[in-house]
Amino acid sequence: TRSVIPAALPGLMTASLLGVMRAIGETMVVLMAAGGAAMIPRSLMDPVRPLTSAIAAEMGETPFRSDHYYALFFAGLLLLFMTLALNMTALWIESRAKRLRS
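Its first residue numbered 18, the sequence shown is counted upward by one per residue in my numbering.
So this is what it looks like as C-alpha coordinates:
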(Lines of atoms letter the chains of each structure in order from A; the text may use other names.)
(Lines give C-alpha, C1' and ligand atoms only; values in the text may rest on other atoms or scores of the structure.)
Protein backbone atom coordinates (compact mmCIF):
# COMPACT_ATOMS: atom_id res chain seq x y z
CA THR A 18 0.00 0.00 0.00
CA ARG A 19 2.94 2.35 0.45
CA SER A 20 3.65 2.41 -3.27
CA VAL A 21 0.12 1.90 -4.64
CA ILE A 22 -1.59 4.91 -3.04
CA PRO A 23 1.06 7.49 -4.05
CA ALA A 24 1.09 6.09 -7.58
CA ALA A 25 -2.72 6.19 -7.81
CA LEU A 26 -3.16 9.62 -6.23
CA PRO A 27 -2.72 11.72 -9.41
CA GLY A 28 -5.21 9.53 -11.25
CA LEU A 29 -7.69 9.81 -8.39
CA MET A 30 -7.32 13.58 -8.31
CA THR A 31 -7.76 13.80 -12.08
CA ALA A 32 -10.87 11.62 -11.86
CA SER A 33 -12.24 13.84 -9.09
CA LEU A 34 -11.74 16.97 -11.20
CA LEU A 35 -13.37 15.32 -14.20
CA GLY A 36 -16.30 14.34 -11.97
CA VAL A 37 -16.69 17.94 -10.82
CA MET A 38 -16.67 19.11 -14.44
CA ARG A 39 -19.30 16.50 -15.30
CA ALA A 40 -21.47 17.73 -12.44
CA ILE A 41 -21.13 21.34 -13.62
CA GLY A 42 -22.26 20.29 -17.09
CA GLU A 43 -25.48 18.66 -15.94
CA THR A 44 -28.32 21.10 -16.47
CA MET A 45 -31.82 19.78 -16.21
CA VAL A 46 -31.07 17.17 -13.55
CA VAL A 47 -29.48 19.83 -11.40
CA LEU A 48 -32.41 22.17 -12.02
CA MET A 49 -34.88 19.58 -10.74
CA ALA A 50 -32.75 18.28 -7.88
CA ALA A 51 -31.70 21.68 -6.53
CA GLY A 52 -35.21 23.06 -6.41
CA GLY A 53 -34.78 25.66 -9.15
CA ALA A 54 -35.51 28.60 -6.86
CA ALA A 55 -34.19 31.94 -8.09
CA MET A 56 -33.33 33.27 -4.64
CA ILE A 57 -30.30 33.62 -2.41
CA PRO A 58 -30.17 30.63 -0.03
CA ARG A 59 -30.00 31.37 3.68
CA SER A 60 -28.91 27.86 4.70
CA LEU A 61 -27.46 24.74 3.10
CA MET A 62 -30.93 23.18 2.96
CA ASP A 63 -32.59 26.00 0.96
CA PRO A 64 -33.27 25.50 -2.76
CA VAL A 65 -30.80 27.08 -5.19
CA ARG A 66 -30.46 27.68 -8.92
CA PRO A 67 -27.02 26.83 -10.36
CA LEU A 68 -25.71 28.77 -13.35
CA THR A 69 -26.40 25.98 -15.85
CA SER A 70 -29.98 25.72 -14.64
CA ALA A 71 -30.49 29.48 -14.75
CA ILE A 72 -29.35 29.59 -18.37
CA ALA A 73 -31.63 26.71 -19.37
CA ALA A 74 -34.67 27.98 -17.48
CA GLU A 75 -34.45 31.68 -18.36
CA MET A 76 -33.02 31.93 -21.87
CA GLY A 77 -36.32 31.12 -23.59
CA GLU A 78 -38.15 33.99 -21.88
CA THR A 79 -35.40 36.60 -22.04
CA PRO A 80 -35.82 39.48 -24.51
CA PHE A 81 -33.14 39.56 -27.20
CA ARG A 82 -30.21 41.93 -26.46
CA SER A 83 -31.51 42.88 -23.02
CA ASP A 84 -29.29 43.15 -19.93
CA HIS A 85 -30.70 39.83 -18.74
CA TYR A 86 -29.79 38.24 -22.09
CA TYR A 87 -26.19 39.42 -21.80
CA ALA A 88 -26.03 38.34 -18.14
CA LEU A 89 -27.01 34.81 -19.14
CA PHE A 90 -24.34 34.79 -21.85
CA PHE A 91 -21.81 36.01 -19.28
CA ALA A 92 -22.86 33.14 -16.99
CA GLY A 93 -22.20 30.74 -19.88
CA LEU A 94 -18.80 32.32 -20.48
CA LEU A 95 -18.01 32.02 -16.78
CA LEU A 96 -18.90 28.32 -16.86
CA LEU A 97 -16.72 27.87 -19.94
CA PHE A 98 -13.69 29.40 -18.21
CA MET A 99 -14.32 27.41 -15.02
CA THR A 100 -14.40 24.19 -17.05
CA LEU A 101 -11.28 25.23 -18.95
CA ALA A 102 -9.44 25.93 -15.68
CA LEU A 103 -10.48 22.56 -14.25
CA ASN A 104 -9.38 20.79 -17.45
CA MET A 105 -6.01 22.53 -17.39
CA THR A 106 -5.58 21.63 -13.72
CA ALA A 107 -6.38 17.98 -14.44
CA LEU A 108 -3.86 17.92 -17.31
CA TRP A 109 -1.22 19.57 -15.11
CA ILE A 110 -1.75 16.98 -12.36
CA GLU A 111 -1.53 14.16 -14.87
CA SER A 112 1.67 15.49 -16.50
CA ARG A 113 3.26 16.09 -13.10
CA ALA A 114 2.45 12.53 -12.08
CA LYS A 115 4.02 11.17 -15.26
CA ARG A 116 7.20 13.16 -14.57
CA LEU A 117 7.37 11.88 -11.01
CA ARG A 118 6.87 8.26 -12.12
CA SER A 119 9.63 8.38 -14.74
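Note that beta-carbon positions come from the ideal geometry of N, C-alpha and C, so glycine has one too.
Quick caveat: nothing in here was measured; it's all calculated off a predicted structure.
> Under the DSSP definition of a beta bridge, which residues are partnered with Glu65?
Replying inline: Your numbering for residue 65 matches position 48 in the sequence shown. Reading the sequence as shown, one finds Val at residue 65 and not Glu. Note: Val65 sits in a beta bridge opposite Gly52.
>> Quick test of your reading: Val37 and Leu103, contact by CB under 8 Å. State the CB separation rounded to the nearest angstrom.
In response: Taking the first residue of the sequence shown as position 1, residue 37 is located at position 20. Taking the first residue of the sequence shown as position 1, residue 103 is located at position 86. With a beta-carbon spacing of about 6 Å, Val37 and Leu103 fall inside the 8 Å limit used to define contacts.
> Start and end of the alpha helix (DSSP H) containing Gly93?
Replying inline: Along the sequence shown, one-based indexing puts residue 93 at 76. Element bounds for Gly93: 84-118.
>> By the three-class DSSP mapping on this structure, what secondary structure does Ser33 have?
In response: On the sequence shown, position 16 is the one that residue 33 refers to. If DSSP states are grouped into helix, strand and coil, Ser33 belongs with the helices.
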